[in-house]
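**Student:** Take the sequence shown: its position 111, counted from the start at 1, is 439 in the numbering used here, and no numbers get skipped.
Ideal Cβ positions, reconstructed from N, Cα and C, are used throughout, including at glycine.
Model, not experiment: these values are computed from the prediction.
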Amino acid sequence: MKNFLLYIFTWWNKQTVGTMWWTKRFGEFVGEDEFGNRYYRTKDGKIDPTLGFERRWVIYPGYAEASTIPPGWWGWMHHRVDTPPVDESYAPRSWQKPHRRNMTGTPGAYRPKGSVLAGGLRPRVTGDYKAWTPGE
Numbered sequence: 329m330k331n332f333l334l335y336i337f338t339w340w341n342k343q344t345v346g347t348m349w350w351t352k353r354f355g356e357f358v359g360e361d362e363f364g365n366r367y368y369r370t371k372d373g374k375i376d377p378t379l380g381f382e383r384r385w386v387i388y389p390g391y392a393e394a395s396t397i398p399p400g401w402w403g404w405m406h407h408r409v410d411t412p413p414v415d416e417s418y419a420p421r422s423w424q425k426p427h428r429r430n431m432t433g434t435p436g437a438y439r440p441k442g443s444v445l446a447g448g449l450r451p452r453v454t455g456d457y458k459a460w461t462p463g464e
């Protein structure tokens, strides 16, 4: 019962009832990535008259985390490329890193050198910086 209520009243767990209805009625399955995200577009690639281009959307397998979209699918979702990664031999570039979930607010969050939260001491100021004080 709890899962059913979560499904109806939350948008961050999988898809809403409205999205499910829209997908069944107007959606065409395009592909799935390694994280289980399922990608859709309007049937037959029809152009949406209100937008001027075809609609594309993703349905997440669990918690809606936009950062789980891989680079190849991201380009397709944002109309940077017309061909989805399943239709071509997509090879990630050497500079593209594998996905890492958003770690903000956790102990694994990025903390640059000199950050108070990094646990180290802040390096001494070299003297090229003078703090502003009101009235000067």
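Do P399 and Q424 have their CB atoms nearer than 8 Å?
**Tutor:** For this step, residue 399 is matched to residue 71 along the sequence shown. For this step, residue 424 is matched to residue 96 along the sequence shown. Cβ distance < 8 Å, so P399 and Q424 count as in contact.
**Student:** Going by DSSP, which residues form a beta bridge with T370?
**Tutor:** One-based indexing of the sequence shown puts residue 370 at position 42. Looking at the DSSP assignment, T370 forms a beta bridge with G355.
**Student:** Let's see if you can read the secondary structure: which residues bound the alpha helix (DSSP H) around W385?
**Tutor:** For this step, residue 385 is matched to residue 57 along the sequence shown. Bounds of any alpha helix (DSSP H) do not take in W385; it lies within the beta strand (DSSP E) bounded by R384 to I387.
**Student:** Spatial neighbours of R383 within its chain, please: CB distance less than 6 Å, with the 5 preceding and 5 following residues excluded, ordered by chain position.
**Tutor:** If you number the sequence shown from 1, residue 383 lands on position 55. Counting only Cβ-Cβ distances below 6 Å, and skipping sequence neighbours, we find T370 and D376.
**Student:** Could you give the first and the last residue of the continuous alpha helix (DSSP H) run that contains G399?
**Tutor:** As a working mapping, residue 399 is identified with position 71 in the sequence shown. Here residue 399 is Pro; the residue named in the question, Gly, does not match the sequence. Counting along the chain, the alpha helix (DSSP H) containing P399 begins and ends at P399 to M405.
**Student:** So which of Y368, H407 and E356 has the shortest CA-CA distance to V386?
**Tutor:** Locating residue 386 in the sequence shown gives position 58, counting from the first residue. The option with the nearest alpha carbon to V386 is Y368.
**Student:** According to the neighbour-count rule (16 or more other Cβ atoms, all chains shown, within 10 Å of its Cβ), is N331 buried or exposed?
**Tutor:** For the purposes of this step, residue 331 is identified with residue 3 of the sequence shown, where counting begins at 1. Exposed, because fewer than 16 other Cβ atoms sit within 10 Å of the Cβ of N331.
**Student:** Could you tell me which residues DSSP puts in a beta bridge with E360?
**Tutor:** As a first step, residue 360 is located in the sequence shown; it is residue number 32 there, counting from the start. R366.
**Student:** Once you ignore the five residues that flank W460 on each side, which residues in its own chain have a CB closer than 6 Å to its CB?
**Tutor:** Taking the first residue of the sequence shown as position 1, residue 460 is located at position 132. No residues qualify anywhere along the chain.
**Student:** How many angstroms separate the CA atom of H427 from the CA atom of F363?
**Tutor:** By one-based count along the sequence shown, residue 427 stands at place 99. By one-based count along the sequence shown, residue 363 stands at place 35. The alpha-carbon atoms of H427 and F363 are separated by roughly 10 Å.
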